Each structure stands twice: as structure tokens, then as C-alpha cells.
Amino acid sequence: MPVTREQMAAVLEEIALLLEIQGENPFKVRAYRQGAEVVESYDGDIVALAVENKLDGIKGLGEALRDKLHELASTGELGFHKKLRESYPDSFFTLFQLDGLGPKKIAALHKTLGVDSIPSLKAACEAGSVAGLSGFGAKTQTKILEAIGRIEQAATAFRLDVATLAAEEILEELRKHPDVLRVSSAGSLRRSKEVVGDLDFIVATNDPAALTKFFGALPQAKEIIVQGDTKCSIRLEDGLQCDLRAVTNAQFPFALQYFTGSKEHNVAIRSRALKHGWSLNEYGFTGNDLPTVNEEGDIYKALGLDFIPPALRENRGEIEAADEGKLPRLVEWENLRGTFHCHTTDSDGKNTLNAMAEAAQELGLQYLGISDHSKSSPQANGLNEVRLAKQIDAVAAWNKEFGSAQFRLFAGSEVDILKDGSLDFSDEMLSSLDWAVASVHNATSLDEDEMTKRIIRAMENPYVTMLGHMTGRLLLRRDAYRVNHEKLIDAAAETRTVIELNCNPKRFDMDWRWWHRARDKGVLCSINPDAHSTGQLQYIRFGADVARKGWLRREDVLNTKPLAEMAEWLKLPKAKR
DNA sequence: GCCGTTTTCGGCCCGACTGTTTTCAGTCG
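Residues in the first sequence are numbered consecutively from 1, following full-length UniProt numbering.
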């Protein structure tokens, strides 16, 4: 049974935890943790490389990790890992999810009380035996019980759209405060991560203590987690944690850069600063001959780098690119001229064809590609051939009455990819459409090989313009189905099939981590909202943010083409696209 | 355990806050 990339990363991560528990050298622990990160985000088939023992030259994987990954990938097991975790049950690792508990405390609880799961920890707290331990106390015991309570009712991660709304409300409150000079969100939200764990805010002010006090007293704050003179953390009603850092105006760019992260990006940036003879932290540079810094961009400039947009700050090659002046000019939402993939009341949409067309025009778009579900998705009221033919006529009628050189609709379908990779409509039916997006909606538990072949077969169809939500994941709710991304990207390049960036915030699928690779293979991206209502067309703003995260430029995104060009492009046979 | 304009050893980010302490360890970001 071959291991997956995720399993390999998880093993390294678990080793890091176990070494930490044992009090191992923290730098060794970090090496394993970074190894997990590298495996997780490596751009290529790292499992195959590990099996073949060809991991040389990958930064962050030294000899020891390479050997271990090879053993793991080729035998399905790693002796070192197995031995380490002998005395710990699976449930032990859930303890690390608890706020306020780290390796030292968990090790102490395990050693003295035999705690090896959340339930056993809960029992120990309720019996009062935790408070008596050295280094623990009554408050710690209460905090542990509270943390367990939060875990039990979930919600420790939030979708980008949910987080964005919450952040905008709080930013508005902060802007109103008279002592605020500058304010910004930071953290993973500013980096446009698809899911965020908390919100970070930075304010520049001459009265930091007043701001942390103000923050703790916000109407949105259900609970104050910590509150000092320069930082304050609150928890909102829905469990979302928000952190504020109050700094001086001079410190602001440094704090903004620092708390935007990512951690990995910052480690690399700081080591670069050291080479310039400066030390860099959240308050400024220290050292000799310090540069003038007024804006965040001045920090990058001082280090000889082009400005790195927050979305790219994941330590995935952006620093090297900025050093060489080779950062891409990223796509912006204003570059989008139209969009594809939306539903109407004909299948499971909330609004009519007319309403969707109007909403698209209000957004300033020049075209909208309609795509209701096909007949094998009865749960979504999918269209059969007769109803689809009617809709094609309705689109033509709409274009005749309202269409112009400024706006038109494209008739399409979100056609189901059936279990064997054939499509829900005949080629003849599909050929009468302007475009089609092919998606998997059933038989989602096929193994990776079958699923990959199934989707490739669909992409080989001459009338499939684009592949819809590649993995079917629903963020925080449903795992991706098993596909081989490398092979699908290669097939898309080969068949000239566009890959959709489904920017419904529940999905963001294909994942941003794969777009750089797809782009370099010449695959086009279509930023599609998968809108089931007029309001959801606005998801394309998030889509542009996530596309930026995937290093995509304007020319990599199909729907930056203006209407006339798009209409011509859709008429081309796939091979000529 | 990884890495190298400090190149095979000696560094590897560090400050704020909390709770248990009485000068600090642990956690977090």
C-alpha cells in the first residue's frame, strides 16, 4: 500500500512532536517539522521521488530525512517512527490541539498522571489532580478544561469569506478610534489563505495601552483571552480568535511585515537581514547603518528585494524571485472581464437566468457563462437533453434581446463526469453549447488511479472546455477525493483543457499550491464562482486573491480576455487554443 | 537534523504575556 504525500508529512510531524516531548534538541525538532512542510508543499511527485530514493537537492531534506522518507515510501513504514511512538496511543496526539498546552506540559501530564487522551486529561482536571502538579495550578487546570470545552464544540478554523467579513467589521471599528494612525489586518487573512485560524490586526498609535483596552471592549468580543499594554486577544461569538498588536508609527511597517508571516517566509527574511549585518524583529532593524523604513515595502527594498505581495509570502520561492527581479506581475480582480460556471433556477440556483445576467453586468463583467447541472445530478435538479436545449434557446433569446458588444451570455453546462469518465451528454449535445465545464459529483470514493483516469478521459473530450472543482473538497467539511494532481495537470496541458479555480469559498479548488506548476505547463486557469445566486458572483474577488497566491498572472487566467476575444477563443478547436 | 559569501562546525528568531513562581518556564505567534 503506497503512502501519500500527506501521510509522509504527518509522520515527520509526529516525529517532531515526539522528539519535543522527549526534550530533544529544539533545532532537531524544527528540522523534522520543516521537513514535513517541505514534503507537504513540494511542487512535484515527491512520493515517487522518495520511492526511487531521488530526493537529493531538495532544500530542507538532508541525508537523514531523505533516508527516512525513502524507507517510509518504499516499505510503507518507518522503523524510527514506529519505535518512537510505541508507548503512545493515537489519542495522545489530540492533546496538542488544546490551547495553552505545549510539549512540556503534555510530557509532564503523561509522565505523572498517565494522561494519554483528551478524555483522560478531562477526568484528571475534574478530579483536581492537575492543579497539584509542580508547574501547574488551579488557573491552569481551569484553562485546560475551557480549552477542552472549545475543542468539543469544534470551530478552530474559519473559511476565508467568514474571516474576511469579521475582519472588515473590526477594521472599521479600529479606524474610528481617534488615536489610531494606521491600521491593517495581517496574518493568514492578509496572505489570502483559504482557511484561517485567527485574525491579526496591527495599529499604529501613540497610545498603545488605550487601543488594547478599546479592543478588549469591542462589542464583538465575547471573551478576552489576553490583554497587556501592547497586545490583546479576544474571542468572537463564533469562536474566532482576534489578536491586536499596538505599536508606534515607526514600528508599524515592521509589525505588519512580521505578523503577516508566514513564519517560514519570515525566518528566511530575517536570515537575509543578518547577512546585511542587521537583526530584524517586529519593531525594526537593529545594527549599524540602518535603512529608512516608512512603509512595509522599504523593508524588502533594504534587503535588496522587490516588494513581495502578501499572498506570495509562503517561502515557496518568492524570496529568490524577488532577489532576481523575477516576481510575477500578479492578476488582479479588476483584470477579470467575465466569468464562467454559475447556476440558475433551471437546476439548483436561487436566481433566474435574467437575474444572473443582470448581476454580472452590475459587477462590470462583459460575459457570463451559464452552466446548470446535468441529468445525473438529480439532487441538484440537473437538466436532461430537452431542458438543456430549452435553456440554450433561452440564452440565445436573451442575447438577442439584451446582448451587445458590451455584454453577452455563453450557453454551457456543468456536465457530470460519470464513473467511467464518460460524460452525461453526447458529443452532439455538447457541441451545441458555447462551452462546458466537466465535474465529478458522484462515485467520489474511487482510488487515486481510477479517479485520475476517469477525469483524464473527460478532459480528452473535445467539447469539455474546462475541468470543474478538481478534488471536490469542501473546506473544513469534506476531504478532497483522491486524484493525482501532477497527472491531471499534465493531461490538461496535453488536451488544452482549462482548469477551473472554483472560487466558491467552500472550495477554492484546484488548491493554490498547484497553480504555479500548472501555469508553467501552459495550463490556463478560469476563475469561476460556481455561483448559486446573484450575490455569489462576487466570489470572483476571492478567486483573484487565491489565484495571486498561486502565482498566476493576467495572461494565465482565461477570463481576463475581453468579450470579443473570448467569443473567438471559444470557437477555436481545443488543439488550437 | 540542516546548512554554508561564517563551507564540515557552530549556529539555528525572539518578544509578550500568563501563571506559578520570588526570578522563571512554558506557550504563542
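Every residue, glycine too, gets a C-beta built ideally from N, C-alpha and C.
Since we're looking at a predicted model, the values are computed, not measured.
Quick one: what's got a C-beta closer than 7 Å to residue i's C-beta in the same chain, skipping five residues either side?
{"i": "residue 333", "result": "540, 541 and 544"}
{"i": "residue 185", "result": "167, 171, 199, 200 and 201"}
{"i": "residue 448", "result": "482, 483 and 484"}
{"i": "residue 496", "result": "574, 575 and 577"}
{"i": "residue 519", "result": "551, 552 and 556"}
{"i": "residue 11", "result": "72, 78 and 81"}
May I ask which residues mark the beginning and end of the beta strand (DSSP E) holding residue i?
{"i": "residue 621", "result": "Because the chain spans 1 through 577 in this model, residue 621 falls outside it and cannot be assessed."}
{"i": "residue 316", "result": "Premise fails: residue 316 is in no beta strand (DSSP E) and is neither H nor E."}
{"i": "residue 279", "result": "279-281"}
{"i": "residue 521", "result": "Careful: residue 521 lies outside any beta strand (DSSP E) and carries neither H nor E."}
{"i": "residue 217", "result": "That residue, residue 217, is in no beta strand (DSSP E); it is neither H nor E in DSSP."}
{"i": "residue 502", "result": "498-502"}
Just to confirm the assignment, what range does the alpha helix (DSSP H) spanning residue i have?
{"i": "residue 330", "result": "That residue, residue 330, is in no alpha helix (DSSP H); it is neither H nor E in DSSP."}
{"i": "residue 79", "result": "79-84"}
{"i": "residue 32", "result": "26-41"}
{"i": "residue 581", "result": "Examination of residue 581 is not possible in this model, given that the chain is present from 1 through 577 alone."}
{"i": "residue 541", "result": "539-549"}
{"i": "residue 11", "result": "5-21"}
{"i": "residue 489", "result": "485-495"}
{"i": "residue 571", "result": "563-571"}
{"i": "residue 297", "result": "296-302"}
{"i": "residue 51", "result": "46-51"}
{"i": "residue 428", "result": "427-431"}
Among residues of its own chain, excluding the 5 on either side of residue i, which ones have a beta-carbon nearer than 8 Å to its beta-carbon?
{"i": "residue 268", "result": "315 and 319"}
{"i": "residue 387", "result": "346"}
{"i": "residue 392", "result": "411, 432 and 433"}
{"i": "residue 489", "result": "499, 514, 517, 518, 521 and 523"}
{"i": "residue 183", "result": "171, 174, 175, 201, 202, 203 and 204"}
{"i": "residue 478", "result": "472"}
{"i": "residue 38", "result": "58, 59, 60 and 61"}
Would you list the residues sitting across from residue i in a DSSP beta bridge?
{"i": "residue 70", "result": "Bridge partners of residue 70: none, in fact."}
{"i": "residue 242", "result": "199 and 234"}
{"i": "residue 367", "result": "338 and 408"}
{"i": "residue 284", "result": "281"}
{"i": "residue 226", "result": "233"}
{"i": "residue 528", "result": "502"}
{"i": "residue 624", "result": "With the chain represented from 1 up to 577, any question about residue 624 goes unanswered, as that position is not in the structure."}
{"i": "residue 180", "result": "205"}
{"i": "residue 185", "result": "201"}
{"i": "residue 158", "result": "196"}
{"i": "residue 359", "result": "Per DSSP, none; premise fails for residue 359."}
{"i": "residue 509", "result": "502"}
{"i": "residue 466", "result": "437 and 498"}
{"i": "residue 474", "result": "478"}
{"i": "residue 423", "result": "417"}
{"i": "residue 293", "result": "None; residue 293 has no bridge partner."}
{"i": "residue 553", "result": "330"}
Ordered along the chain, which non-local residues of its own chain (more than five positions away) have a Cβ less than 6 Å from that of residue i?
{"i": "residue 321", "result": "327"}
{"i": "residue 34", "result": "60"}
{"i": "residue 505", "result": "159, 160, 161 and 542"}
{"i": "residue 415", "result": "374, 423, 424, 425, 436 and 438"}
{"i": "residue 136", "result": "130"}
{"i": "residue 295", "result": "253"}
Give a single yes or no on whether residue i has its beta carbon closer than 6 Å to a heavy atom of the ligand HEM.
{"i": "residue 214", "result": "As presented, the structure is devoid of all ligands, the ligand HEM included, so that no description of it is given."}
Would you mind listing the alpha helix (DSSP H) stretches within the segment 90-153 that are 4+ residues and don't spill past its ends, in chain order?
List check, alpha helix (DSSP H) in window: 103-113, 118-126 and 138-152.
Does the contact criterion of 3 or more C-beta pairs under 8 Å hold for the segment 105-121 versus the segment 43-59?
In short, these stretches do not touch, since the Cβ pair count stays below three.
Three CB pairs or more closer than 8 Å across the segment 171-182 and the segment 227-240
Touching, no.
With contact counted as at least three CB pairs below 8 Å, one residue from each stretch, are the segment 484-503 and the segment 467-475 in contact?
Counting C-beta pairs closer than 8 Å gives three or more between the segment 484-503 and the segment 467-475, which meets the contact rule.
Using 8 Å as the cut-off, can you tell me whether the segment 370-383 makes contact with the segment 345-354, which would need three or more C-beta pairs spanning the two stretches below that distance?
Note that the segment 370-383 touches the segment 345-354; at least 3 beta-carbon pairs, one per stretch, sit closer than 8 Å.
Hey, is the segment 323-331 in contact with the segment 354-367, meaning 3+ C-beta pairs nearer than 8 Å?
Contact between the segment 323-331 and the segment 354-367 is absent: fewer than three C-beta pairs spanning the two stretches fall below 8 Å.
Residue ranges of each alpha helix (DSSP H) run of no fewer than 4 residues wholly in the segment 372-420, ordered along the chain?
Taking only runs of at least 4 residues, the alpha helix (DSSP H) segments lying wholly in the segment 372-420 are 385-402.
I'd like to know if the segment 213-222 and the segment 255-275 are in contact, where contact means that at least 3 CB-CB pairs between them fall below 8 Å.
No, the segment 213-222 is not in contact with the segment 255-275.
Any beta strand (DSSP E) of 3 or more consecutive residues that is wholly inside the segment 240-276:
Listed in chain order, they are 241-247.
For the structure I just gave you, are there three or more beta carbon pairs, one from the segment 220-238 and one from the segment 270-288, closer than 8 Å?
No: fewer than three Cβ pairs fall under 8 Å.
For the structure I just gave you, are there three or more beta carbon pairs, one from the segment 29-37 and one from the segment 7-20, closer than 8 Å?
The segment 29-37 vs the segment 7-20: in contact.
Measuring CB atoms only, is the segment 292-305 touching the segment 520-528, in the sense that at least three cross pairs come out at less than 8 Å?
As far as the Cβ criterion goes, the segment 292-305 does not touch the segment 520-528, which means the pair count is below three.
So, does the segment 84-104 touch the segment 112-130, judging by three or more C-beta pairs under 8 Å?
Contact between the segment 84-104 and the segment 112-130 is established, with three or more Cβ pairs separated by less than 8 Å.
Check whether the segment 394-403 touches the segment 444-459, taking contact to mean three or more Cβ pairs, one atom from each stretch, closer than 8 Å.
With a cut-off of 8 Å, the segment 444-459 and the segment 394-403 do not count as touching, because too few Cβ pairs lie within range.
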